[in-house]
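2 protein chains.
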Amino acid sequence: MKKPRPTLADVAKVAGVSRMTASRALNEKAGVSDKTREDIQRIASEMGYVANPLAQKLSNGRTHIIGVIAQLPTSFTNEMVMGIGTSVRSAGYEMLVYFLSDTDMQPPSSVVNLLQQFADGIIVLLPYEADYLEKLRQASLPVVTVESLHDEPTFPAIITDGYQGGRQAMEHLIELGHRRIGFITGDLKLISARSRLKAYKDMIEQYGLDADPALICEGDYMQVGGYDAAKSLLAIKERPTAIFASNDISALGALSAIREAGLSVPEDMSLVGFDDISLSEQMHPALTTIHQPLQQMGRSAVNLLMAMIAGLEVPFHQITLPTELVVRQSTAKPK
Amino acid sequence: MKKPRPTLADVAKVAGVSRMTASRALNEKAGVSDKTREDIQRIASEMGYVANPLAQKLSNGRTHIIGVIAQLPTSFTNEMVMGIGTSVRSAGYEMLVYFLSDTDMQPPSSVVNLLQQFADGIIVLLPYEADYLEKLRQASLPVVTVESLHDEPTFPAIITDGYQGGRQAMEHLIELGHRRIGFITGDLKLISARSRLKAYKDMIEQYGLDADPALICEGDYMQVGGYDAAKSLLAIKERPTAIFASNDISALGALSAIREAGLSVPEDMSLVGFDDISLSEQMHPALTTIHQPLQQMGRSAVNLLMAMIAGLEVPFHQITLPTELVVRQSTAKPK
DNA sequence: CAGTGATACGTTACCGGTAACGTTATTGTG
DNA sequence: CACAATAACGTTACCGGTAACGTATCACTG
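Chains as they are written, first to last, in the working numbering: chain A, 2 to 336; chain B, 2 to 336.
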């Protein structure tokens with residue numbers, strides 16, 4: 002039951018060599034004969050020896066662990082975490098996730114310190130403003146952020162082009178022939194929400210569409226917000242023929258409101274979302290939306306971080322991944 | 002930029018004492034005069050000193066970190082993680098989460114080893130069968146599982162009574178007057194799904210309702226599964242007047258199917274879910290469901306684990322938390 | 001005023017690894 | 001065949017903490 006894990010010293014003793022030789026053998030370093038190396042490796046695996054990463058960190062500063070700081074788990078962060086997880090693993094690292102609780106958006110400095118001591122590098126999933134970034138900057142280890150907030154990023158960052166995505170969504174609706182398009186914003190505290198809104202406005206202007214301010218309703222990226230916003234949009238005398246929601250969850254709320262009003266999608270009202278979370282494919286009707294390569298963003302973040310850990314100069318300070326329009330069943334030509 | 006973090010030795014040097022005295026002062030241990038203690042603490046905080054948990058672990062076996070092993074992030078695990086997080090923090094600990102990737106349901110033993118060395122205790126969120134539990138058992142540190150799988154649990158476990166919850170849901174429908182009730186199962190590999198199914202069958206029998214086997218359709222806890230199952234249920238000649246879905250996500254899928262069939266909830270068809278995820282409150286109509294105290298489960302798990310870490314004898318080997326019926330708008334009397 | 005006990009500290013050793021350097025035996029070279 | 005270079009290993013020291021034990025000072029006690 003309480004079998005203390007074998008240490009390097011245990012392995013070395015059984016193999017009849019010094020700890021150092023055992024260390025060399027297990028780390029594939031030079032200075033050990035092939036026979037000895039094989040013996041040691043065999044003995045180590047027989048004994049179930051696994052190196053203690055803490056001790057390694059203490060000794061040489063490497064743990065082969067990367068830390069992830071995430072906001073409250075959402076479908077958005079979840080997928081990213083998955084992407085990060087798989088590619089971290091394939092790089093021979095492991096990942097530990099630290100979740101900020103909703104109450105402390107700026108976590109106690111202990112967290113930063115914690116991860117700083119545990120991890121070889123940190124990936125920050127960053128939809129919200131975060132004061133603790135300053136502390137992170139002082140940290141002496143590589144940091145990559147995802148979906149950076151500031152126009153002038155503090156760290157190397159992986160972002161998607163929310164602006165481009167917004168334009169894609171609008172282009173699709175416009176091509177279908179819609180001229181009055183309602184817009185449900187996201188939480189405008191977030192940069193992603195603001196860039197999507199900007200894309201909407203720019204496209205309205207560029208194509209000379211109705212610029213009725215009533216067509217823009219504020220949401221919050223949540224379902225209820227989408228529902229309420231859609232209700233307002235449906236109450237407009239000259240009702241729009243399509244609604245562009247800033248994310249899929251809002252679109253889901255909007256769908257409820259539309260149905261409650263006795264309308265159907267896409268016959269009476271086209272609906273476009275944003276994010277392409279897994280739910281949107283499974284909805285009925287399946288939601289036309291803007292795909293964000295969340296998993297790929299995770300992978301890119303890892304690649305970038307790995308390069309930084311290896312001491313390489315980071316080529317780009319900010320990497321933008323493209324979005325993609327996914328046409329499903331929730332959009333059609335206006336009647 | 003690259004300011005190496007101050008160590009205990011740095012603090013001690015500035016304070017003009019030995020490392021040991023500094024350690025004692027910072028850990029509130031006896032053997033230091035009040036004045037010296039205050040001096041040291043002041044200097045430490047001025048220097049921004051924070052203890053290195055790795056070194057602590059190496060030295061005395063404590064990190065004040067608890068590890069969480071979770072399956073792929075789902076809304077289910079997410080809420081639990083939140084509950085764990087807050088109560089872990091209030092106990093002066095921190096939490097790091099390890100996510101199993103979908104490919105490796107039994108993670109490389111490295112994970113277990115990893116957490117074993119990092120953490121003072123481990124909480125395993127365990128909806129699925131997991132071979133690696135055996136390895137965990139050999140670990141020499143406290144483990145608590147949540148939603149244990151086996152009838153005879155390997156570890157102290159926090160569970161909810163899925164059977165009781167299933168009965169509550171059925172009771173509600175029966176009280177409303179439903180006599181033909183369809184059931185959408187969960188993934189029957191999971192114990193939770195099986196106990197809900199058993200509750201359904203038992204209630205059918207107990208109240209002498211229609212025991213038509215066609216009324217039981219297999220789902221998988223996913224939205225599509227719920228959609229398909231509901232379609233089958235609606236295709237039955239003598240259509241049920243209510244559907245009990247094994248979880249909220251399935252219910253969401255079922256809702257789509259019901260609407261597609263031109264029926265409305267709850268007028269033509271009552272619908273009950275299970276889990277009470279946040280989405281179910283926001284749906285339209287808001288879903289009647291069985292509330293599982295996910296956050297409280299997390300808290301209980303932490304409490305139990307803390308007791309084990311403190312070396313206390315664990316009073317109960319398995320703690321069952323009650324479920325609760327939450328009546329919203331998706332259920333009504335049959336027409 | 002020697003003996004006792006507490007108080008306030010310092011020293012040493014160790015946790016489990018690795019870097020840096022030292023030591024021995026073997027081989028190759030002029 | 002003396003000598004240098006190399007391979008294969010061992011020793012020592014250190015990462016940043018803490019446990020265990022040692023020591024100096026001081027206040028009481030009888």
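Heads up, the beta-carbon is just placed ideally off N, CA and C, and yes, glycines get one too.
Just so we're clear, the structure is a prediction, and the values are computed from it rather than from any experiment.
Apart from the five residues on each side of it in sequence, which residues of its chain come closer than 6 Å, Cβ to Cβ, to residue i?
| i | result |
| --- | --- |
| P335/A | G178, H179 and T242 |
| M270/B | I259 and L264 |
| D213/A | none |
| I217/A | F184 |
| S196/A | G163 and Y164 |
| L235/A | A262 |
| V1/B | Absent from the structure is residue 1/B, since the part of chain B shown begins at 2 and ends at 336. |
| R20/B | L9, A10 and A13 |
Name, please, each residue of chain B whose Cβ falls closer than 7 Å to the Cβ of residue i.
| i | result |
| --- | --- |
| V327/A | Within 7 Å Cβ-Cβ: nothing; V327/A doesn't reach chain B, min ~17 Å. |
| Y222/A | The premise fails here: Y222/A is roughly 12 Å from chain B at the closest Cβ pair, so nothing lies under 7 Å. |
By the criterion of Cβ-Cβ separation under 8 Å, what are the contact partners of residue i in chain A?
| i | result |
| --- | --- |
| G254/B | Q283 |
| E135/B | Ordered by position in chain A, no residue passes the 8 Å Cβ test against E135/B, which lies about 13 Å from the chain. |
Determine, using beta carbons only, whether residue i and residue j come nearer to each other than 8 Å.
| i | j | result |
| --- | --- | --- |
| A13/A | T22/A | yes |
| V303/B | V89/B | yes |
| S76/A | I278/A | yes |
| V266/A | A246/A | no |
| F119/B | T78/B | no |
| V225/A | Q57/B | no |
| R43/A | G32/A | no |
| F275/B | A170/B | yes |
| I160/A | L126/A | no |
| P54/A | I41/A | no |
| G220/B | G187/B | yes |
| L59/A | L27/B | no |
| A92/B | M309/B | no |
Please list the partners that residue i has in chain A, where partner means a Cβ-to-Cβ separation under 9 Å.
| i | result |
| --- | --- |
| F119/B | P54, L55, I66, L97 and F119 |
How would you label residue i, buried or exposed, when you count the other beta carbons within 10 angstroms and need 16 or more for buried?
| i | result |
| --- | --- |
| A231/A | buried |
| S301/A | buried |
| Y208/A | exposed |
| E80/B | buried |
| D35/A | exposed |
| N61/B | exposed |
| P294/A | buried |
| E39/A | exposed |
| G254/A | buried |
| S281/B | buried |
| E47/B | exposed |
Find the residues of chain B that neighbour residue i, judging by a C-beta separation of less than 8 Å, and give them in chain order.
| i | result |
| --- | --- |
| N114/A | R6 and V51 |
| S257/A | M284 and H285 |
Here's a check: name, in chain order, each residue in its chain whose Cβ is nearer than 8 Å to the Cβ of residue i, leaving out the five neighbours to either side.
| i | result |
| --- | --- |
| R138/B | V144, T155 and F156 |
| A333/A | L177, P267, E268 and S271 |
| V328/B | H173 and T289 |
| G86/A | M96 and G299 |
| L305/A | V145, P157, I159, V315 and I320 |
| Y222/A | G187, D188, L191, A194, S247, N248, I250 and S251 |
| M204/A | G167, R168, M171, E172, I175 and L210 |
Can you pull the chain B residues whose beta carbon is under 9 Å from the beta carbon of residue i, in chain order?
| i | result |
| --- | --- |
| E148/A | Ordered by position in chain B, no residue passes the 9 Å Cβ test against E148/A, which lies about 17 Å from the chain. |
| L313/A | The premise fails here: L313/A is roughly 17 Å from chain B at the closest Cβ pair, so nothing lies under 9 Å. |
CB-CB under 7 Å to residue i, same chain, minus the five flanking residues each way: which ones, in chain order?
| i | result |
| --- | --- |
| S257/B | Y228 |
| G68/A | L97, Y99, L116, F119, A120 and I123 |
| G84/B | L295, Q296, Q297, M298, G299 and R300 |
| A215/A | I237 |
| T324/B | T161, D162, Q165, G166, Q169, I291, H292 and Q293 |
Find the residues of chain A that neighbour residue i, judging by a C-beta separation of less than 7 Å, and give them in chain order.
| i | result |
| --- | --- |
| E261/B | H285 |
Any heavy atom of the ligand ATP closer than 7 Å to the Cβ of residue i?
| i | result |
| --- | --- |
| G163/A | In terms of ligand content, the structure shown is empty, and the ligand ATP therefore cannot be addressed. |
Practice prompt. Could you list the residues in the region 87–99 of chain A with a C-beta less than 8 Å from some C-beta on chain B, going in chain order?
Written response: T87, R90, E95, M96, L97, V98 and Y99
Fill in: Interfacial residues, the region 196–228 of chain A to chain B, with Cβ spacing under 8 Å
M223, Q224, V225 and Y228
Item to complete: Using a Cβ-Cβ cut-off of less than 9 Å, list which residues of the region 29–58 of chain B approach chain A; keep chain order.
Response: G49, V51, A52, N53, P54, L55, A56 and K58
Discussion item. Give me the subset of the region 264–292 of chain B whose CB atoms are less than 8 Å from a CB atom of chain A, sorted by chain position.
Written reply: L280, Q283, M284 and H285
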